[in-house]
Every structure is written in structure tokens, then in C-alpha cells.
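> For the sequence shown, counting from 1, position 49 maps to 49 in this note's numbering; every step adds exactly one.
Input: one structure, supplied below.
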Amino acid sequence: MMGRMPSTVAGRSWGRMTRVVIVTGAAGGIGSALVRHFEGLDDLVVGLDLLDGLDVRDAEACQAACDQVATEHGRIDVLCNNAGTSAVGDVVSATADDWDRVLGVNVVGVANMSRAALVHMRGARRGVIINTCSVAASVGLVERAVYSASKGAVLALTKAMAADEIAHGIRVCCVSPATVATPWVERLVAAAPDPEATREALRRRQPMGRLVEADEVAAAIAYLAADTTCTTGADLLLDAGITGVRLVD
């Protein structure tokens with residue numbers, strides 16, 4: 001696990017309590033932006049990633065990780081379920097391994113980490129869980145059948161969890177970005193027969209004409225996680241116009 005002890009337990013000078021924040025998928029583009037953003041708010045951030053040995057598909061490992069955080073730092077205030085994976089292809093070309101892997105990480109992984117953190121959040125009667133979803137949950141995208149199905153499940157799970165946890169004083173929301181400029185997307189582009197054409201197609205697919213930046217996603221998640229944000233069961237779109245704008249030449 002990666003973590004950084006803040007310089008003061010009280011947090012910033014105006015007295016906001018330093019929160020204990022868990023970020024999964026912390027080594028990726030959005031995950032590393034999340035770690036930076038919450039650290040910039042003087043929160044204590046624990047980053048968890050497959051590269052550090054945590055597979056979110058392993059329920060026992062998730063519970064052990066959350067128990068360790070709660071033991072070392074006294075509580076868990078925010079869980080960012082950001083770990084995710086993808087597969088390229090339609091429902092005909094998708095393999096059984098694609099379904100097992102993507103649903104295992106993107107859906108079961110969210111459930112495993114949430115279950116593990118909720119043991120501690122419910123005891124404190126406070127906490128926030130933010131899930132990284134996608135516009136693929138709401139908009140049909142070519143060659144993303146398995147990924148879209150997984151994110152549709154994340155959206156539904158977010159709303160169900162929000163309903164279940166409101167009685168425990170816990171908020172659950174998700175953020176749905178369009179295509180984000182991350183190392184994974186860059187690798188996908190680089191592997192295409194015509195990388196520049198592929199990159200341009202990704203930009204043009206979004207009405208604003210650009211990709212979403214990882215720092216923008218991190219800022220949106222931090223907003224949803226803030227104590228001053230009065231919402232639960234919400235899906236915050238960072239969609240560059242995909243879901244609501246149609247450009248007609």
C-alpha cells in the first residue's frame with residue numbers, strides 16, 4: 001500500500017479534519033491524479049493497486065487492506081473505487097476471459113472494496129464512496145460491449161448502494177467521464193494501424209473536441225467526496241458533451 005502521513009492531523013489551517021482516503025487503481029492515470037488531488041487537500045491518502053499486490057477481485061485481500069488502514073489510521077472516510085480494466089470488441093468477439101476479467105475487476109471489485117470499507121464506515125456512521133463509472137454506461141460505443149456492460153452495472157450498483165447506506169449516514173456517488181487522456185488510452189491508440197487517425201477519431205467523438213483530462217476527473221471526484229456536497233446516488237457526467245449535445249453541420 002502507498003500512503004503519506006500529512007504534516008498535521010488537523011489538516012489545513014482553517015481546521016478541516018484530515019480525512020483518510022483510499023484510492024484503488026492508484027498507479028493509473030486517473031488514480032495517480034486522485035492521489036495528488038487529495039494530498040493537495042492535506043488528506044491522508046492510501047493508494048492501492050494491482051502493481052502493489054492488491055487484486056480487487058480477491059474479497060479477502062480487500063478486507064485485509066481496509067482493516068489495515070482502519071487499524072493504522074483509526075477510520076476510513078472516503079473510498080474511491082477507481083480500479084478498472086477494459087476489453088475491445090463486440091459481443092460476438094468477446095471471450096469468456098474478457099467477461100470474467102472485466103466484470104470481476106469493474107463490478108465485483110467495487111463490491112469487494114465497498115463491503116470491506118463499509119464495515120468501518122457503518123461503525124462510524126459516516127463516510128463517502130465514489131465509484132469511477134463511464135459514459136459507456138449510458139451511451140452505446142462501438143467495440144466496447146464488455147466494458148459498457150460492466151459500467152452499466154457500476155451505475156446501477158452505485159444507486160442501489162446509495163439507497164442502502166443513507167440510513168447509515170454514508171453517501172455513495174459515481175463520476176462518468178468520456179474518453180480520458182490516460183496511459184491506457186495512449187497504448188490503445190499506439191497499437192492502432194493509424195494512431196493519429198485513431199486519436200483524431202476519439203477527439204471528434206466528443207462534441208467539445210478534446211479528451212477529458214485525468215485531473216478533471218480527480219477534481220470531480222473530490223467535489224463529490226467533500227463534506228459540503230449534499231448529494232447521494234448521483235452520477236456526475238464529465239462527458240465532453242457526448243450525452244447531451246448533438247452537433248449538426
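Cβ atoms here follow ideal geometry from the backbone N, Cα and C, with glycine treated the same way.
Shortest alpha-carbon distance to residue 172 belongs to which of 106, 18, 155?
When only C-alpha atoms are compared, the closest one is 155.
> With DSSP as the reference, please indicate the residues paired to residue 177 in a beta bridge.
Answer is 238, bridged to residue 177.
> Could you have a look at residue 143 and say whether DSSP puts it in helix, strand or coil?
Residue state, collapsed to three classes: coil.
> Kindly list the residues whose CB is nearer than 6 Å to the CB of residue 31, restricted to its own chain and excluding five residues on each side of it in sequence; keep chain order.
Excluding residues within five positions, the ones whose Cβ falls inside 6 Å are 23, 25, 82.
> For residue 24, which three-state DSSP category applies?
Residue 24: strand per DSSP, three-state reduction.
> Identify whether residue 11 lies in helix, strand or coil by the three-state DSSP scheme.
Here the model assigns residue 11 a pLDDT of 37, short of 50, so the residue's position is not dependable, and the following value carries that caveat. Reduced to three states, the DSSP call for residue 11 is coil.
> Using a threshold of 7 Å, state whether the C-beta atoms of residue 133 and residue 176 are closer than that.
For residue 133 and residue 176, yes; Cβs fall inside 7 Å.
> Have a look at residue 118 and residue 74 and give me their C-alpha separation to the nearest angstrom.
Looking at the two C-alpha atoms, the distance is approximately 14 Å.
> Less than 8 Å between the CB atoms is what I'm expecting for residue 233 and residue 163, so what's the real figure, rounded?
Contact holds; Cβ gap of about 7 Å.
> Measuring alpha carbon to alpha carbon, tell me which residue in 76, 55, 223, 216 is nearest residue 181.
When each option's Cα is compared against that of residue 181, the closest is 216.
> Go through its chain and collect everything with a Cβ distance to residue 109's Cβ below 7 Å, but skip five positions before and after it.
Around residue 109: 56, 57, 83.
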